Structure formats: structure tokens, C-alpha cells
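See structure below.
See the structure below:
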């Protein structure tokens, strides 16, 4: 039976275990230039030393006004490639594979003078009203995603993740809650996401997997649920997505009628539903930092990989700590061997 520390392969990607560090924004760019800093280097490389098999670099944006804040990473310029390549190379030295999440914040771009979105609907009462993108601008945005993916591949990443969740631009196009357009991108809500996927695949090596992060359920009045997300994920799978990273929410202020769960593993049933309905590999995420719980997600075949976010923020060595708790043999950095009991 598979467990958290069995290897995993998808296309040309070979992982030593099932532990993923999901993308988590650091808001730590110092010069507002989108270039990764020494903070990012230490942050990601320490998790590679700590035993994670796949590290997905935080939300990295396709244009300056696509950032949540001016302190986010970007890939709209070739000048941003070397700092990311340095991180990727170092993580590889410690046995981890590296992905990167390519994104645009859309109406949630807090520091943009004028955010853009599929429709001119603000996120909440304290947010700027975004400008609706023209049809031509939407097509230009697809090209910006393509070029960002090209730069990520040049930086040496092993996998690409497209951010289609948490109320950011692709999610905004996919959701009837935020997409009120009347053009082709309103008549077919999956069109923008599908074109971004196709553009990304055109820049990726044939054996490189494409992951897409989705919100499988919305927590607003009138928001979509798992049945709708299964259907739009089916379209995205046909367009070229190899694996889904299944999260939820983020599309708007949480309504009383749709509060997210607060219990551990509350999103795992969503991941399992996508996996079973589409026969597609999935990453589960959301309050899974207890080793036995994370292990059960793999053993029960709820998901193929487990992403541990906050737990890995607290402890860079979460993966090898979890192996110790679960009594699984893993390779330890020789410098740290005396710090961990051996089975």
C-alpha cells in the first residue's frame, strides 16, 4: 500500500515521496521589481534540505499589475530568471523537484492603480473597482502567461502550476459570480483558462507535467460547488492539465451561508471527488500537517500527493519529522543525523 514516503511519478517528473510544499506568498521582494531575494533562497532551499519532494514556488505574476502586492515575485522580464534559477539549482542539490505557480491577481491586485478583471466588480467594499478587460486585452493576457511559462522553463523548473483558484484572474473568468461578460469569454467561462493552459503547454517540454490549482467550491451566496468544478476541470483536463491541486474559496467575502470548514482535512473530499470523477491525479491541501492524517490521505487513495502549507512554514523539516513519527526510512542530511532518531 502506498504511503506518504513512497515515490511517485507523473510523466517525466519523479518524486522521492508524496510531500509537497504548496505555493505560499512571502511578500518579500525588496525593490518591487519582482526578483527573488536571499529570503526566497533560504526559504525554499531549507524545505528541500528538510525533505519535501516537490516545492512549488509562490504565486509569480505575469505582469506588474498582476501582483497581489508590489512585493510579490514576477516573471514578466528576463531579468527575473537568474534569481529563480539559483533557487531551483540549489533545491535540486538536496533532492527536491521544483515547480512554480504562474498567476495574475486580477481584481485582487491591491497595489495596482487600476486592477483589471473580467467584469468591473470589486472584491469587497474596501477594494478598488477593477476595469473590465477588452476582448483584445484578454487575448494579450494569454500571451503574457505564455511568456511567463517560457521564462519559468528557462529557469529550470520541473513542473508548472497555473493558478486557477482563490479568486484570482483565471478563477474570476471561470466563475459566474465574477464573470458577467457578454463576449466570447463570457459565453464560454472556461475559454480564458483553457487558452492559458494551451499556451503554457506550447512552451513546456513534452514530458513536463502541468498542474492547475482550482477552487473546487466557492463560499459565497450563489457560488458554484463540486459538481460545477468537476465540469470545468474536465474542460481544463482536456486542454492539457495533468494534475489538479484542489483547494477552495477565495472568490469574495465569505457569506454566512457558505462558511468553509474549520476541521482538519475539510478539503480532502473535494480532491477525492475530482480524482474519481475525472480519473486524474490530484494534490490535496488544507490543514493536513498531522503526519498520520497526511499519511492516511495517501493510504486511503484520497489523493496522490499531500501539500503541507502552514505546517511547513512553522517547520522547514516537516517532511523528515513526519517520517520519524511514521517510522519511515528517509535520507537525512548527514549534518543533521544526530538530531533525528533512526528506525
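In this note's numbering, the protein residues as written are 1065 to 1407. Here a beta-carbon is modelled for each residue, glycine too, at the ideal position from N, C-alpha and C. No experiment lies behind these values; they were computed from the predicted model shown.
Per DSSP, what kind of secondary structure is residue 1279 in: helix, strand or coil? Along the chain shown, read from residue 1 onward, the residue named residue 1279 stands at position 215. If DSSP states are grouped into helix, strand and coil, residue 1279 belongs with the strands.
Rounded to the nearest angstrom, what separates residue 1188 and residue 1194 at their Cα positions? Looking up residue 1188 in the chain shown gives position 124. Looking up residue 1194 in the chain shown gives position 130. Looking at the two C-alpha atoms, the distance is approximately 11 Å.
Local Cβ density within 10 Å of residue 1255, reported as buried at 16 or more and exposed below that: Position 191 of the chain shown, counted from the first residue, corresponds to residue 1255. With 16 or more Cβ atoms within 10 Å of its Cβ, residue 1255 is classed as buried.
Is it right to say residue 1081 is buried, meaning 16 or more other beta carbons lie within 10 angstroms of its own, or is it exposed? The residue you call residue 1081 lines up with position 17 of the chain shown. Result: buried.
Nearest candidate by alpha-carbon position, reference residue 1109, set 1145, 1162, 1070 and 1065: The residue you call residue 1109 lines up with position 45 of the chain shown. Nearest of 1145, 1162, 1070 and 1065 to residue 1109, Cα basis: 1162.
For residue 1116 and residue 1084, believed in contact at Cβ under 8 Å, the rounded distance: Counted from its first residue, the chain shown places residue 1084 at position 20. Counted from its first residue, the chain shown places residue 1116 at position 52. Sure, about 7 Å apart at Cβ, within 8 Å.
Taking residue 1067 as the reference, give the member of 1341, 1358 and 1133 with the closest Cα. Locating residue 1067 in the chain shown gives position 3, where the first residue counts as 1. Nearest of 1341, 1358 and 1133 to residue 1067, Cα basis: 1358.
If you run the structure through DSSP and keep just helix, strand and coil, what is residue 1070? As a position in the chain shown, residue 1070 is number 6, starting the count at 1. Here residue 1070 sits in coil by DSSP.
At what residue ranges does the region 1106-1171 contain a whole run of the beta strand (DSSP E), taking only runs of 3 or more? 1118-1125 and 1161-1167
Helix, strand or coil for residue 1180 per DSSP? Mapped onto the chain shown, residue 1180 falls at position 116. Of the three classes helix, strand and coil, the one that applies to residue 1180 here is strand, per DSSP.
Would you decide whether residue 1171 is buried or exposed? Buried here means 16 or more other CB atoms lie within 10 Å of its CB. On the chain shown, position 107 is the one that residue 1171 refers to. It is buried - the Cβ of residue 1171 has at least 16 other Cβ atoms within 10 Å.
Using CA coordinates, which residue listed in 1148, 1142, 1127 and 1128 is at the minimum distance from residue 1107? What you label residue 1107 is simply residue 43 of the chain shown in a count that begins at 1. With distances taken between Cα atoms, residue 1107 lies closest to 1148.
Is the distance from the Cβ of residue 1022 to the Cβ of residue 1351 below 8 Å? Since the first residue of the chain shown is 1065 and the last is 1407, residue 1022 is not available in this structure.
Is it the case that the Cβ atoms of residue 1273 and residue 1223 are separated by a distance below 8 Å? Counting from one through the chain shown, the residue named residue 1273 turns up at place 209. Counting from one through the chain shown, the residue named residue 1223 turns up at place 159. Yes; because the gap between Cβ atoms is below 8 Å, this pair is in contact.
So what does residue 1195 bridge to, in DSSP terms? As a first step, residue 1195 is located in the chain shown; it is residue number 131 there, counting from the start. For residue 1195, which the question treats as bridged, DSSP gives the partners 1180.
Which of helix, strand or coil does DSSP assign to residue 1227? As a working note, residue 1227 is residue 163 in the chain shown. In this structure, residue 1227 counts as strand in the three-state DSSP scheme.
What's the C-alpha gap between residue 1209 and residue 1369? In the chain shown, the residue the question calls residue 1209 occupies position 145. In the chain shown, the residue the question calls residue 1369 occupies position 305. Cα to Cα, the separation comes out at about 26 Å.
Keeping to the same chain, check which residues put their C-beta closer than 8 Å to that of residue 1253; ignore five residues upstream and five downstream. On the chain shown, position 189 is the one that residue 1253 refers to. Cβ within range, chain order: 1237, 1238, 1239, 1240, 1243 and 1296.
Skipping 5 residues on each side, what residues in its chain have a beta carbon closer than 6 Å to that of residue 1180? Working through the chain shown from its first residue, we reach residue 1180 at position 116. Contacts found: 1194, 1195 and 1197.
Does the Cβ of residue 1065 have 16 or more other Cβ atoms within 10 Å, making it buried, or fewer, making it exposed? In the chain shown, counting from the first residue as 1, residue 1065 sits at position 1. With fewer than 16 Cβ atoms within 10 Å of its Cβ, residue 1065 is classed as exposed.
Coarse secondary structure for residue 1092, derived from DSSP in three states: Counting from one through the chain shown, the residue named residue 1092 turns up at place 28. Residue state, collapsed to three classes: coil.
Among 1315, 1309 and 1317, which has the Cα closest to the Cα of residue 1331? Here residue 1331 refers to the residue found at position 267 of the chain shown. Minimum Cα distance to residue 1331 is reached at 1309.
Do you know whose CA, among 1301, 1141, 1121 and 1122, lies nearest residue 1128's CA? Residue mapping note: residue 1128 aligns to position 64 of the chain shown, counting from 1. Answer by Cα proximity: 1141.
Taking residue 1376 as part of the alpha helix (DSSP H), name the residues at either end of that continuous run. Mapped onto the chain shown, residue 1376 falls at position 312. That run of the alpha helix (DSSP H) goes 1374-1378.
Helix, strand or coil: how does DSSP classify residue 1065 here? If you number the chain shown from 1, residue 1065 lands on position 1. It is coil, neither helix nor strand.
Going by beta carbon distance, what residues of the same chain come within less than 6 Å of residue 1098, once the five residues before and after it are set aside? In the chain shown, the residue the question calls residue 1098 occupies position 34. These residues qualify, in order along the chain: 1137, 1138 and 1144.
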